[in-house]
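Chains as they are written, first to last, in the working numbering: chain F, 1 to 244; chain E, 1 to 244.
Glycine included, every Cβ here is placed at the ideal spot set by N, Cα and C.
Treat the numbers as computed from the prediction; the structure is a model and nothing was measured.
There are 2 protein chains.
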Amino acid sequence: MATIKLTVEYEGTAYAGWQQQPNRPTVQGQLETAQFQISRQRIAIIGAGRTDAGVHAWEQVASFRTPHPLSPQKWAPALNRYLPRDIVILQSEQVPDDFHARYSARKKIYEYRISLHRNRPALDRNRVWHVHYPIDPARIREAIPWLTGTHDFTSFEGPRSGTTNRMCTISNLSVNEDGNLLIIRIEADRFLKQMVRTIIGTLIEVGRQRRDPSDLPTILEAKDRRAAGETAPPHGLYLLRVLY
Amino acid sequence: MATIKLTVEYEGTAYAGWQQQPNRPTVQGQLETAQFQISRQRIAIIGAGRTDAGVHAWEQVASFRTPHPLSPQKWAPALNRYLPRDIVILQSEQVPDDFHARYSARKKIYEYRISLHRNRPALDRNRVWHVHYPIDPARIREAIPWLTGTHDFTSFEGPRSGTTNRMCTISNLSVNEDGNLLIIRIEADRFLKQMVRTIIGTLIEVGRQRRDPSDLPTILEAKDRRAAGETAPPHGLYLLRVLY
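Take a look at the structure:
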């Protein structure tokens with residue numbers, strides 16, 4: 001048996017998210033089907049981040065255990081032959097048997113892209129959130145120190161989650177401007193369901209003067225989803241990298 | 001009667017190109033249909049560049065003459081309400097009556113994006129040409145001086161063109177690298193059919209050592225399409241800007 005680590009890029013537009021669901025196209029489902037084409041054995045493929053429907057990945061990480069003799073580096077080209085054009089394996093490698101794509105991850109980095117252009121985007125319509133009201137990035141930057149560090153992020157957790165531990169440590173949160181584009185990166189040891197999207201939705205409300213940067217501690221202390229802002233749409237979100 | 005100039009962004013993936021064709025979706029067709037929804041009059045909309053199927057535009061320019069009383073700036077939001085998500089009018093403005101999107105254009109700038117990444121792109125699969133053999137950008141740069149200036153570009157012209165004048169002046173040609181991306185920009189007073197794509201295909205053959213930079217004058221002098229390289233695929237090409 002070998003444990004194989006895959007680095008996966010995908011556009012999430014056509015998928016009901018990462019996680020396998022009956023009768024709906026998912027990224028995990030596509031990978032498991034491709035793997036079956038090669039080994040003729042049904043094997044679960046574990047993802048580091050269970051991205052929502054419409055969320056993209058530049059470098060998602062997945063792992064699986066297989067008795068198949070294919071050499072580790074050959075899994076990438078072999079799987080790519082069976083995968084659709086919007087999913088690609090960038091790399092495949094053998095890792096120690098105790099490696100688990102989700103549980104072994106030390107940190108994950110997400111990026112969220114917001115277009116502040118006057119017009120809705122055509123070319124990037126599935127790749128950025130178009131925010132058509134004025135945003136002050138300086139206000140968003142003022143809110144950052146309140147979110148970094150270790151907190152209970154219950155207020156930023158989406159519905160129907162099975163988690164009991166809501167403590168997360170955000171080790172880095174940055175806001176960059178590139179023309180009409182606002183790019184927010186969040187690095188943390190773990191993320192609750194929809195946590196990035198709720199943080200982004202809340203930060204945008206700060207940026208448009210609907211909330212103050214200093215409201216953040218109160219929102220965290222409330223431990224209530226209703227205290228935070230709207231959930232930003234999935235299509236501006238990218239799983240950028242997973243660190244082990 | 002007012003003459004209206006439109007600045008148009010679109011993703012060309014879903015279209016059989018700019019130009020109106022019976023029973024096939026085209027960008028011009030979508031614009032003319034949207035215009036009809038507003039004025040209930042069939043009016044031809046002229047584009048500065050007749051982009052091929054799959055070619056994108058950041059700022060295509062189009063123009064039409066209309067007796068409709070809608071104020072010039074309002075055409076953009078009005079048309080956007082009827083246009084599909086992959087086409088957007090960025091701006092509408094009134095211009096003098098002798099303005100013609102194609103004939104009045106002084107220069108057009110095209111950009112071509114090539115991915116040199118080891119793997120095929122997933123997120124950018126319809127937005128870059130993936131070239132999977134080694135390319136030396138320095139060789140491409142050496143070829144540039146042979147193409148800039150005024151030349152007969154017959155050797156770079158696609159099939160079934162109605163043009164008799166094949167003289168074009170390339171005023172700028174640049175090659176930039178951005179990580180694994182090679183970005184080539186070409187500015188000229190006019191372009192023959194498929195001229196950018198044939199130039200790119202030929203430059204890539206130079207970059208991969210199949211031709212020498214100094215072969216370019218011979219290719220131009222041949223005035224024969226068979227002398228130049230392959231036609232690069234449409235999906236890496238963007239109409240960037242039109243200058244008047």
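Bridge pairing for glutamine 94 (chain F): F:Ile4 [DSSP]. For the segment 173-206 of chain F, the set of positions with a beta-carbon nearer than 8 Å to some beta-carbon of chain E is empty. Against tyrosine 10 (chain F), the close residues of chain E are Ala122, in the order they occur along the chain (beta-carbon pairs closer than 7 Å). Within the segment 85-110 of chain F, the residues whose Cβ lies closer than 9 Å to some Cβ of chain E are Arg85, Asp86, Ile87, Val88, Ile89, Leu90 and Gln91, listed in chain order.
Per DSSP, valine 206 (chain F) lies in no beta strand (DSSP E); the unbroken alpha helix (DSSP H) holding it starts and ends at 195-207.
Ranked by Cα distance from serine 174 (chain E), the options E:Leu147, E:Gln194, E:Glu157 and E:Thr154 are led by E:Leu147.
The Cβ atoms of glutamate 177 (chain E) and arginine 166 (chain E) lie no closer than 8 Å to each other.
The beta carbon of alanine 222 (chain F) sits closer than 7 Å to those of Ser155, all from its chain and outside the five residues before and after it, given in chain order. Residue burial annotation: tyrosine 10 (chain E) is buried, with at least 16 other C-beta atoms found within 10 angstroms of its C-beta. At least 8 Å separates the CB of histidine 132 (chain F) from every CB of chain E. Look at asparagine 172 (chain E) here: in three-state DSSP terms it is strand.
Approximately 5 Å separates the beta-carbon atoms of threonine 231 (chain F) and arginine 197 (chain F); this is inside 8 Å, confirming the contact. For arginine 125 (chain E), the closest Cβ of chain F is nearer than 8 Å.
Annotation: histidine 235 (chain F) has no Cβ neighbours in chain E at a cutoff of 9 Å; minimum Cβ distance is about 11 Å.
In the same chain as lysine 193 (chain F), and ignoring 5 residues on each side of it, the C-beta atoms closer than 7 Å to its own belong to Glu157, Gly158 and Ser161, in chain order.
For isoleucine 38 (chain E), the enclosing alpha helix (DSSP H) stretches over residues 27-39. For threonine 51 (chain E), the three-state secondary structure derived from DSSP is coil. For lysine 107 (chain E), the CB contacts under 8 Å within the same chain, skipping 5 residues up- and downstream, are Ser171, Glu187, Ala188, Asp189, Val242 and Leu243 in chain order.
The C-alpha of threonine 3 (chain E) is placed about 7 Å away from the C-alpha of proline 96 (chain E).
A Cβ of chain F is located within less than 8 Å of the beta carbon of histidine 56 (chain E).
A direct Cα-Cα distance of roughly 48 Å separates arginine 65 (chain F) from isoleucine 199 (chain E).
Phenylalanine 191 (chain F) carries a coil assignment under DSSP once its states are collapsed to helix, strand and coil.
By the C-beta criterion, the segment 12-19 of chain E is judged to be in contact with the segment 44-53 of chain E, since at least 3 inter-stretch pairs fall below 8 Å. A distance below 8 Å separates the beta carbons of alanine 143 (chain E) and leucine 203 (chain E).
Just measuring C-alpha positions, the residue of F:Asn119, F:Arg113, F:Phe191 and F:Arg120 sitting nearest threonine 150 (chain F) is F:Phe191. Around alanine 14 (chain F), the same chain offers Pro25 and Asp86 as residues with beta carbons nearer than 7 Å, after the five sequence neighbours per side are excluded. One alpha carbon belongs to valine 27 (chain F), the other to isoleucine 89 (chain F), and they sit about 12 Å apart.
Within chain F, the residues whose beta carbon sits less than 7 Å from that of asparagine 119 (chain E) are Val88 and Leu90, listed in sequence order.
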